[in-house]
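A.B. asks:
There are 2 protein chains.
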Amino acid sequence: MNQTSIDVLEIGSFSCGGQIASVHGREPKRVKVARNGPDRIVDLNGDYIAGQCYVQFTRLLKPKYPYPLMLWHGGAMTGATWESTPDGRPGWQMFFLRQGFDTYNCDAFERGRAGSAPYPEVYKEAPIYRNLNEAWSLFRMGPKGGYSTDLNKRKIYAGQQFPVAYFEQLGAQFVPRWTNHGQESLSAYYEAMEKVGPVVIVSHSQGANLAMEAAQKRPDLIKALVLIEPAAAPQLEPADLHNVVQVPHLFVWGDFTGDDGLWSDYRAVADEYAQQLAAAGGVSDTLDLPAQGICGNSHVPMMDRNSDQVAQHISDWLFTQHS
Amino acid sequence: MNQTSIDVLEIGSFSCGGQIASVHGREPKRVKVARNGPDRIVDLNGDYIAGQCYVQFTRLLKPKYPYPLMLWHGGAMTGATWESTPDGRPGWQMFFLRQGFDTYNCDAFERGRAGSAPYPEVYKEAPIYRNLNEAWSLFRMGPKGGYSTDLNKRKIYAGQQFPVAYFEQLGAQFVPRWTNHGQESLSAYYEAMEKVGPVVIVSHSQGANLAMEAAQKRPDLIKALVLIEPAAAPQLEPADLHNVVQVPHLFVWGDFTGDDGLWSDYRAVADEYAQQLAAAGGVSDTLDLPAQGICGNSHVPMMDRNSDQVAQHISDWLFTQHS
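Protein sequences, first through last, are from chains B and E. Residue numbering for the first sequence follows the numbering used here, beginning at 2 and increasing consecutively. Residue numbering for the second sequence follows the numbering used here, beginning at 2 and increasing consecutively.
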C-alpha cells in the first residue's frame, strides 16, 4: 500500500440540479426544537429545493490524469462507498488521489448529504430501506439467510475478501432510497458534469446502470466509464449506438455471482450490453476478477481486502485510455 | 485568502455508535429496483444499524495544532456546512486545514451520510423539514416572509454578509431531521471522540447546544469548544460545573439577532450559561462580531462573505488556548 501524502489544492463541495418544490395546506405545528429555548412554529408549507445531487471534490495541486474521476455510488448508498474501507484502510478515493486523479465524490439525488424533500408532500412514494439481512446475500457475503448479529454464526462464502467482521460498518452506510427516481438522479448528475467538464465516471451497481445511460445521452461529458457490477443495464437503442461507442467501457465483476440468481440475471443483461457495444466498434472491456485468478470479491470490491489490487487494474486501464 | 496547497496524509471516513434495531411483521413486496433486471423481493423485516454518526476526516502530514478539530453541524444540516461556501469559496474546513488543523467533519445521527433507520418502524415520529421560507428569517437573511424565489423580490437586511444570490445552495444542504433525538446524537458523538482522542469541537446552532452538554459530561475528551450561535443551551447543574470549567468556551454571535425574537431568546439562554461558566472560573469568551465592528453576519458565518475573517479570529483564539 502506498502511504505517501498528497498535495491538495482544495477540498470542498457543491450542489447541482434541483428545482423549487412547494408544499401547501399543512397545519403549522408548535414544536420545542432547542432545549431551554422557547417553542417555535414549524411550518412545512413553503418552498424546498428538490432534486439536487451533492458533489464533494478533492483537487490536487498537480493532477497526473487529464480528467477528473467522478464517483457514483450504488442504491441505498452514498459517497461513503469510496472512502475508508469498513476495516479502516484507505479506500478507492484515496487510492485514486494517490494515483494522481482529482476526485468528485457524489451523493445522488435524495441520498445522504444531497438531502431529500418532504414525503409524502413532494415525493409521493415511501422510501425503502436496506437491512443487514438483505445486504448479506445481495452483496454476496454469503448465502441468503446467512447473516447473524453473532459474528460466529454468519454463513460466509469460502475465500470471501470482504472483511465480514466489519460488516456493520457497511450497514451503517445505508440510507433511505426511492426506486423510481433514476431520471431525476441523472438530470442532477448531468448538471454536475457540465459544471466540472469532461470526466471519467467510476460507478457502482445502480449507479453503473445510470452511468451507462449517461454515456448514451451525453458522451461529450464522459471520457470513460468504469462499471463496478452494474445492476443490469439500460436499453441500448440503435439510435444511441453512435454516442455510446465514443466512450470506453470497463465492466468489473467479482466472485460468487453464480450463487445468487439475481446477480446472474443482472450480469446477463450487462454482458449483452457489453457485446452490443463491442459489435458496434466501441471499447468494451471486461475485468472478470475470478477469471483473472483474483478470487473471493464481493459486490463491493472497493471495500474488500484486496481493494487496492482491484483499483490498480482499473487505474492501469484508465491510463491506457488516456494519459 | 490563503491559496496554498496542503500536504494530506489521508482522507477517509468511519461510522461510530449505533446498535441493531429490528423490524418485524412487514409484508415483503416485489419491486422493480433495477431497469431491465428482474423484479426482486424487498423485505423490510430484519436488522438495521440505527443511531450511528458519520465522521469524515482529513489528516495532514504535519498538523500544526496539537488537537484535531471536530466539526458538528446544526439542525437539519450536515457536514456540508463546513465545506465550500454557497458562492463557491473555500469554507471553514479548508481554512482550518490550511491553518494546520486535522479536521473530523461529522454528520450527526440520522443526518446525511449517517443514514436513518425506517420510519415509522424504528423512529416512531415523522421527521421535519426546513424550507427556504423558514430558513430565510431563521438564518437571518432578512425579515420573516422576506424570501422569494425571485431574487429581486427578496427582502434582505442592509449590510447582509451572506451571499443571498446563492441562497438556494444553502437550501440544497437541508436534510430531514428529528427534534427529539439529541441524546442519541451525543451517544454516537462520544464514541467518535473516544476513537479520535481529545478534540476541539467547532459547533453550530443545534450542534453547539449538544457540544455544551458534551463538555459537561466528557471534559476529558474536549480541549476547547467553539460555539457558533448556539440554539439556546442545556441546563448547567452545579454538579457539572467542575467538569465544564476544564473546557475553554468561545461563543460567537453574528448580526441582526435583535430583529428576530427567537434569536434574542436563544442568545439570552446561552449568555446566562456563559456567565455561570465565567463565575465558576472557566474560560468563557464571547466573540460578538458586531460589537467588534464586524457587521452583517447571518446565522451561518462560515458561509458569509467575510467567513475567512471570522475563522481567523477563531483560529487565533484556539492557538491562544493551546499551541
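For glycine and all other residues, C-beta sits at the position ideal for the given N, C-alpha and C. No experiment lies behind these values; they were computed from the predicted model shown.
Would you check if the distance between the CB atom of A152 (chain E) and the CB atom of G183 (chain E) is smaller than 7 Å?
C.D. replies: For the record, residue 152 (chain E) in the displayed sequence is Leu; it is not Ala. Cβ atoms of L152 (chain E) and G183 (chain E): not closer than 7 Å.
A.B. asks: L242 (chain E) CB to nearest chain B CB: under 7 Å?
C.D. replies: No, no contact with chain B.
A.B. asks: Quick check: the Cα distance between K33 (chain B) and L263 (chain E), rounded to an integer number of angstroms?
C.D. replies: In a straight line, the C-alpha of K33 (chain B) is about 12 Å away from that of L263 (chain E).
A.B. asks: Can you pull the chain B neighbours of G113 (chain E), defined as C-beta to C-beta under 9 Å?
C.D. replies: Neighbours of G113 (chain E) on chain B, chain order: Y55, T79, D108, G113, R114, A115, G116, V176.
A.B. asks: What do you get for T59 (chain B), buried or exposed, if any count of 16 or more other CB atoms within 10 angstroms of its CB means buried?
C.D. replies: By the neighbour-count rule (16 or more Cβ atoms within 10 Å), T59 (chain B) is buried.
A.B. asks: Just tell me which of B:S85, B:H250, B:C54 has its CA closest to the CA of H323 (chain B).
C.D. replies: For the residues B:S85, B:H250, B:C54, the minimum Cα distance to H323 (chain B) belongs to B:H250.
A.B. asks: Between P29 (chain B) and D8 (chain B), which are expected to be in contact by the criterion C-beta below 8 Å, what is the C-beta distance as a whole number of angstroms?
C.D. replies: Contact doesn't hold; Cβ gap of about 51 Å is too wide.
A.B. asks: Tell me which residues of the segment 12–23 of chain B have at least one Cβ-Cβ distance to chain E shorter than 8 Å, keeping chain order.
C.D. replies: Under the 8 Å Cβ criterion, the segment 12–23 of chain B contributes I12, G13, S14, F15, S16, G19, I21.
A.B. asks: What beta strand (DSSP E) runs, 3 residues minimum, are completely inside the segment 193–251 of chain E?
C.D. replies: Those beta strand (DSSP E) runs which fall completely within the segment 193–251 of chain E and span 3+ residues are 200–205, 223–229.
A.B. asks: Spell out the partners DSSP gives W254 (chain B) in its beta bridges.
C.D. replies: Partner(s): B:D289.
A.B. asks: Using 7 Å as the threshold, is the C-beta distance between A225 (chain E) and V201 (chain E) below it?
C.D. replies: Closer than 7 Å, so yes.
A.B. asks: Anything in the segment 146–175 of chain E with a Cβ closer than 7 Å to a Cβ of chain B? List those residues in chain order, please.
C.D. replies: Listed in sequence order: T150, E169, Q170, G172, A173, Q174, F175.
A.B. asks: Nearest by alpha-carbon distance to A173 (chain E): which of B:F15, B:Q207, B:V24, B:F175 is it?
C.D. replies: Minimum Cα distance to A173 (chain E) is reached at B:F15.
A.B. asks: G198 (chain B) CB to nearest chain E CB: under 7 Å?
C.D. replies: No, because no Cβ of chain E sits closer than 7 Å to the Cβ of G198 (chain B).
A.B. asks: Where does Y105 (chain E) fall in DSSP's three states?
C.D. replies: The answer is strand: DSSP assigns Y105 (chain E) an E or B state.
A.B. asks: Look up L70 (chain E) in the DSSP assignment and give the residues it is bridged to.
C.D. replies: DSSP lists E:T104, E:V201 as partners of L70 (chain E).
A.B. asks: Should Q161 (chain E) go down as buried or exposed, given a rule of 16 or more other Cβ atoms within 10 Å for buried?
C.D. replies: By the neighbour-count rule (16 or more Cβ atoms within 10 Å), Q161 (chain E) is buried.
A.B. asks: Using a threshold of 7 Å, state whether the C-beta atoms of P119 (chain B) and V24 (chain B) are closer than that.
C.D. replies: Taking 7 Å as the Cβ cut-off, P119 (chain B) and V24 (chain B) qualify as a contacting pair.
A.B. asks: Provide the residue span of the alpha helix (DSSP H) that contains R367 (chain E), from first to last.
C.D. replies: Residue numbering for chain E in the displayed model covers 2 to 324; residue 367 (chain E) lies beyond these limits and cannot be assessed.
A.B. asks: Tell me, please, whether the CB atom of D8 (chain E) is closer than 7 Å to any CB atom in chain B?
C.D. replies: D8 (chain E) counts as touching chain B.
A.B. asks: Does the Cβ-Cβ distance between F168 (chain E) and H300 (chain E) come in under 7 Å?
C.D. replies: Contact: no.
A.B. asks: Does the beta carbon of E84 (chain E) come closer than 7 Å to any beta carbon on chain B?
C.D. replies: By this cut-off, E84 (chain E) is an interface position.
A.B. asks: Just list the alpha helix (DSSP H) runs in the segment 127–152 of chain E, keeping only unbroken ones of 4 residues or longer that don't cross its boundaries, in chain order.
C.D. replies: Whole alpha helix (DSSP H) segments, 4+ residues: 133–139.
A.B. asks: Going by C-alpha distance, which of B:T321, B:R27, B:F102, B:P64 is nearest P121 (chain B)?
C.D. replies: Comparing Cα-Cα distances from P121 (chain B) to each of B:T321, B:R27, B:F102, B:P64, the minimum goes to B:R27.
A.B. asks: Please confirm if the segment 39–53 of chain E is in contact with the segment 311–322 of chain B, defined as three or more CB-CB distances below 8 Å between the two stretches.
C.D. replies: At 8 Å Cβ cutoff, the stretches do not touch.
A.B. asks: May I ask you to report which of helix, strand or coil DSSP gives R112 (chain B)?
C.D. replies: Correct three-state label for R112 (chain B): coil.
A.B. asks: Where does Q310 (chain E) fall in DSSP's three states?
C.D. replies: Three-state result, Q310 (chain E): helix.
A.B. asks: If you measure beta-carbon to beta-carbon, which residues of the segment 231–257 of chain E are closer than 9 Å to chain B?
C.D. replies: From the segment 231–257 of chain E, only P231, A232, A233, A234, P235, Q236 have a Cβ closer than 9 Å to chain B.
A.B. asks: For G89 (chain E), which of helix, strand or coil comes out of DSSP?
C.D. replies: Here G89 (chain E) sits in coil by DSSP.
A.B. asks: So with CB distances below 9 Å, who are the chain B contacts of M194 (chain E)?
C.D. replies: Per Cβ cutoff of 9 Å: no residues; M194 (chain E) is ~17 Å from chain B at best.
A.B. asks: G47 (chain E) versus chain B: which residues are under 7 Å apart at the beta carbon?
C.D. replies: Going along chain B in sequence order, the residues near G47 (chain E) (Cβ under 7 Å) are N132, L133, N134, E135.
A.B. asks: Can we say the segment 235–246 of chain B touches the segment 216–225 of chain B, given the rule of at least three CB pairs closer than 8 Å?
C.D. replies: Verdict: yes, contact present.
A.B. asks: To the nearest angstrom, how far is the alpha carbon of C17 (chain B) from that of P199 (chain B)?
C.D. replies: C-alpha separation (whole angstroms): 16 Å.
A.B. asks: Starting from Y267 (chain E), trace the alpha helix (DSSP H) in both directions and tell me its first and last residue.
C.D. replies: Unbroken alpha helix (DSSP H) run through Y267 (chain E): 262–280.
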